[in-house]
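Sequences listed follow chains A and B, in order. Everything in the first sequence is counted per this note's numbering, starting at 10 for the first residue and increasing by one. Everything in the second sequence is counted per this note's numbering, starting at 3 for the first residue and increasing by one. Just below is one structure, and these are the notes that go with it.
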Amino acid sequence: MADKITLGYTHVSGCTGCTVALADNYAGLLTLLDKYVDLKYMPTLADARHIQKVDVSFVEGSVCINDKLAVEEIKETREKSTIVVALGGCACYGNITRFCRGGQQNQPAQEAFLPINELIKVDVFIPGCAPTPQMIRNVAVMAYLLLKGTKEQKDLATAFLKPLMALPVQGTACGASTACFCDLMTNVIDQGLCMGCGACAAACPVNAITHEYGKPQGERDLCIKCGACYNQCPRSWFSFDVVENYEAINEAIMAALQ
Amino acid sequence: MGAELGKYKSVVSARSTDKELLKHAQDGGIVTSLFAYALDEGIIDGAIVAASKEFAAKFPSKVMRDNSNWDMIEPWRPIPAIVNTKAELIAAAGTKYNISPNVSMIKEATRSFGLDKVGIVGTPCQMQAIRKGQLYPIGLRDVGDSIALAVGIFCMENFPYQSILQLVEDHAAMKLESVKKMEIGKGKFWVYGKRGQVVQLPLKVTHKYEQPGCKVCLDYVANLGDISTGSVGSPDGWSTVFVRSKIGDSVWAKAMAAGVFETQPMEKVKPGLELVSKLANEKITKNKATVEARKTFGVGKALRNPYI
Chain A
10 MADKITLGYT HVSGCTGCTV ALADNYAGLL TLLDKYVDLK YMPTLADARH IQKVDVSFVE
70 GSVCINDKLA VEEIKETREK STIVVALGGC ACYGNITRFC RGGQQNQPAQ EAFLPINELI
130 KVDVFIPGCA PTPQMIRNVA VMAYLLLKGT KEQKDLATAF LKPLMALPVQ GTACGASTAC
190 FCDLMTNVID QGLCMGCGAC AAACPVNAIT HEYGKPQGER DLCIKCGACY NQCPRSWFSF
250 DVVENYEAIN EAIMAALQ
Chain B
3 MGAELGKYKS VVSARSTDKE LLKHAQDGGI VTSLFAYALD EGIIDGAIVA ASKEFAAKFP
63 SKVMRDNSNW DMIEPWRPIP AIVNTKAELI AAAGTKYNIS PNVSMIKEAT RSFGLDKVGI
123 VGTPCQMQAI RKGQLYPIGL RDVGDSIALA VGIFCMENFP YQSILQLVED HAAMKLESVK
183 KMEIGKGKFW VYGKRGQVVQ LPLKVTHKYE QPGCKVCLDY VANLGDISTG SVGSPDGWST
243 VFVRSKIGDS VWAKAMAAGV FETQPMEKVK PGLELVSKLA NEKITKNKAT VEARKTFGVG
303 KALRNPYI
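Below, the structure written as structure tokens:
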């Protein structure tokens with residue numbers, strides 16, 4: 010189909026969990042590939058593995074700056090893609106790879122890992138460890154509508170993607186681009202915005218957040234720095250224009266995947 | 003009356019036809035009856051509600067055990083819990099007036115509690131969290147499609163637990179464990195004792211104890227619930243019910259057909275929708291001003307605005 014968008018998938022230092030999350034859309038992934046997306050290259054799910062010119066590239070994993078090939082690959086990804094999407098906690102914020110100190114086999118000298126945002130300009134973040142199949146699906150459908158949709162669909166996709174496009178430029182509480190529970194403390198609780206709904210605790214993949222007297226308490230030694238809590242919080246960023254139309258948007262996404 | 007009431011398909015004044023249940027309910031027993039009906043019909047297979055220490059003692063497997071010292075949990079401190087039966091629902095019924103982080107269980111409900119069709123009750127902000135979570139499920143894998151019924155409750159503001167302690171024990175001079183019911187209505191905060199005593203506080207006294215996070219909230223009537231309900235606008239013992247989404251419409255129609263509720267048209271009841279609209283506008287106007295004032299809070303420095 011001529012109207013498809015082209016997609017690439019660059020895999021740097023990630024555990025393949027993001028790949029699995031993408032694949033966990035099951036039939037939805039097949040519909041995406043049939044109707045909307047031409048998958049040009051991807052180390053795990055496609056024959057072609059080398060980076061090509063594409064409309065959208067997903068990047069899984071952070072970049073080991075001690076690994077020449079990885080650094081070259083991330084730069085090439087930027088040069089050859091119109092839109093770069095950081096997929097998952099590692100690509101967005103470093104996530105668990107922030108804790109690497111080197112010494113692991115079979116590359117003991119690889120010890121310094123950076124989220125891709127610190128090496129190249131990134132357009133969209135999909136945080137979370139692992140990102141969820143539904144979030145990947147929603148962003149994929151919206152990316153298609155942004156590039157190929159009608160005027161109305163483009164407006165919707167722009168509104169939907171806007172907060173995810175703001176994330177790469179806005180920075181995080183702990184400086185550089187490290188996400189952690191501190192983002193909730195600094196940008197929500199300390200700003201007098203938390204009302205104790207509980208969304209952060211539900212989103213945390215390592216159950217590091219409990220509620221003490223109705224307010225989130227983070228066990229920061231457990232935090233893996235994935236950014237899920239802050240981004241799931243309705244008081245981190247919230248668009249009435251988008252969320253008040255949740256029913257219509259959910260229906261449109263489901264209809265697109267029929 | 004316009005945007006302040008959100009989108010809705012219909013609005014009525016209603017109360018449960020279950021007289022036994024009404025004894026335990028806050029107003030018209032809408033949330034409790036609706037969930038009881040939805041459980042019976044298999045519309046949901048469990049619901050997340052705000053329970054209490056007594057509930058947790060009776061049904062220990064229905065709450066999340068964390069590292070808290072459960073002996074130290076105070077009366078009237080809400081604990082999110084999963085209920086699967088009418089008896090459990092009744093044991094958890096009634097408004098607690100301090101925030102219960104119900105959304106914190108939305109993922110675990112579908113995991114260790116094994117629910118495929120989750121019901122959840124919450125404040126307007128919690129409905130916002132749920133809908134954001136369906137559109138942007140960043141850490142909520144497979145949760146969005148499992149939310150089968152989200153019931154929102156009207157909310158002017160909420161209190162931290164310690165504020166309730168202060169209001170009841172210092173201002174109303176009652177022990178929390180001796181309180182049977184709390185209520186906000188007719189411009190007063192009411193505390194009903196188990197021995198029959200009633201203390202009323204002017205709402206003015208309560209304002210300084212409201213939680214700060216509520217002051218930027220721009221939703222009074224839970225615009226994003228499938229169904230939203232609250233006492234405002236309806237006569238004593240009745241509740242105002244907005245039916246908002248397709249899911250809400252379908253569940254409400256089935257419940258009405260099954261005789262779960264008796265209703266009166268909103269136009270026929272006093273004080274009616276005008277009061278709901280008036281209070282909604284008051285809240286939204288006041289809080290929009292707060293959001294605006296945050297922009298110039300410091301000297302050339304703003305506080306953060308969550309709304310984009």
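Cβ coordinates follow ideal geometry from the N, Cα and C atoms, glycine included.
7 Å Cβ cut-off: residues of chain B touching residue i
i      : result
A:Y222 : P162, Y163, Q164
A:T181 : Residues of chain B passing the Cβ test: none, with the nearest at roughly 13 Å.
A:P172 : I310
A:S248 : I310
Amino acids of chain A, ordered along the chain, whose beta-carbon sits closer than 8 Å to that of residue i
i      : result
B:M107 : G207, A211
B:N100 : G223
B:P2   : No information on residue 2 of chain B is available, as it lies outside the stretch 3 to 310 that chain B covers here.
Distance between beta carbons of residue j and residue i, contact taken as under 8 Å
i      : j      : result
B:V207 : B:P237 : With 8 Å as the limit, B:V207 and B:P237 do not qualify as a contact, their Cβ atoms being about 26 Å apart.
A:K84  : A:I129 : 6 Å
A:G236 : A:H220 : That belief does not hold up - the Cβ atoms of A:G236 and A:H220 are roughly 20 Å apart, past 8 Å.
A:E69  : A:G23  : 4 Å
B:V120 : B:I46  : 6 Å
B:K190 : B:P204 : 6 Å
A:F247 : B:I149 : Wrong, their Cβ atoms sit about 18 Å apart, outside the cutoff.
B:Q28  : B:G96  : 5 Å
B:V14  : B:Q202 : That belief does not hold up - the Cβ atoms of B:V14 and B:Q202 are roughly 29 Å apart, past 8 Å.
B:N104 : B:F161 : With a Cβ gap of about 16 Å, B:N104 and B:F161 do not count as contacting.
A:V72  : A:T91  : With 8 Å as the limit, A:V72 and A:T91 do not qualify as a contact, their Cβ atoms being about 20 Å apart.
Environment of residue i [buried if 16+ CB atoms lie within 10 Å]
i      : result
A:M10  : Any answer about A:M10 is weak, because its pLDDT of 47 lies below 50 and its placement is not dependable; what the coordinates show is given next. Burial call: exposed.
B:W72  : exposed
A:N115 : exposed
B:E159 : buried
B:T287 : exposed
B:V223 : buried
B:S63  : exposed
A:F169 : buried
B:M74  : exposed
A:D132 : buried
A:V148 : buried
B:M107 : buried
A:D250 : exposed
A:M263 : exposed
B:S180 : exposed
A:L173 : buried
A:D192 : buried
B:K55  : buried
Chain-ordered neighbours of residue i on chain A, where CB pairs are closer than 7 Å
i      : result
B:Y138 : M144
B:V218 : L202
B:P214 : G201
B:P103 : G205, C206, G207, A210, H220, G223
B:G146 : Q143
B:A131 : C206, A208, P243
Below-9 Å beta-carbon distance, residue i vs any chain C residue
i     : result
A:A32 : As a matter of chain content, chain C is missing from the structure shown, whose protein chains are A and B.
Listed by chain order, chain B residues near residue i by CB distance under 8 Å
i      : result
A:E256 : S247, K248
A:V251 : L137
A:A237 : I140, G141
A:P214 : G141
A:S245 : P308
Chain-ordered chain A contacts of residue i [CB-CB under 9 Å]
i      : result
B:L169 : None at all; the shortest Cβ gap to chain A is about 15 Å.
Contacts of residue i in chain B (Cβ-Cβ under 9 Å)
i      : result
A:Q267 : Result: empty, since nearest Cβ-Cβ is about 15 Å, beyond 9 Å.
Are three or more beta carbon pairs between the stretch 238-248 of chain A and the stretch 123-133 of chain B nearer than 8 Å?
yes
When the Cβ atoms of the stretch 104-117 of chain A are set against those of the stretch 100-115 of chain B, are three or more pairs found closer than 8 Å?
no
Residues, ordered as in the chain, of the stretch 222-233 of chain B that lie near chain A by beta-carbon distance below 9 Å:
N225, L226
Tell me, please, whether the stretch 225-232 of chain A touches the stretch 242-254 of chain B by the rule of three or more beta-carbon pairs shorter than 8 Å.
no
At a CB distance below 9 Å, what residues from the stretch 124-140 of chain A approach chain B? Give them in sequence order.
I135, P136, G137, C138, A139, P140
Mind listing which residues of the stretch 57-74 of chain A have their C-beta closer than 9 Å to chain B's C-betas, in chain order?
none
Assess, as a yes-or-no matter, whether the stretch 88-97 of chain B is touched by the stretch 41-60 of chain B under the definition of 3 or more beta carbon pairs within less than 8 Å.
yes
Between the stretch 88-118 of chain A and chain B, which residues of the former have CB atoms less than 7 Å from a CB of the latter, in chain order?
none
For the pair the stretch 160-167 of chain A and the stretch 40-54 of chain A, tell me if three or more CB-CB distances fall below 8 Å.
no
With contact counted as at least three CB pairs below 8 Å, one residue from each stretch, are the stretch 195-202 of chain B and the stretch 225-240 of chain B in contact?
no
Contacting positions in the stretch 276-309 of chain B - beta carbon closer than 7 Å to chain A:
L305, R306, P308, Y309
Where the stretch 36-53 of chain A meets chain B: residues whose CB sits under 7 Å from a CB there:
none
Closer than 8 Å is the cut-off here; do at least three beta carbon pairs connect the stretch 203-218 of chain A with the stretch 272-279 of chain B?
no
When Cβ atoms are compared, which residues of the stretch 168-200 of chain B fall closer than 7 Å to chain A?
none
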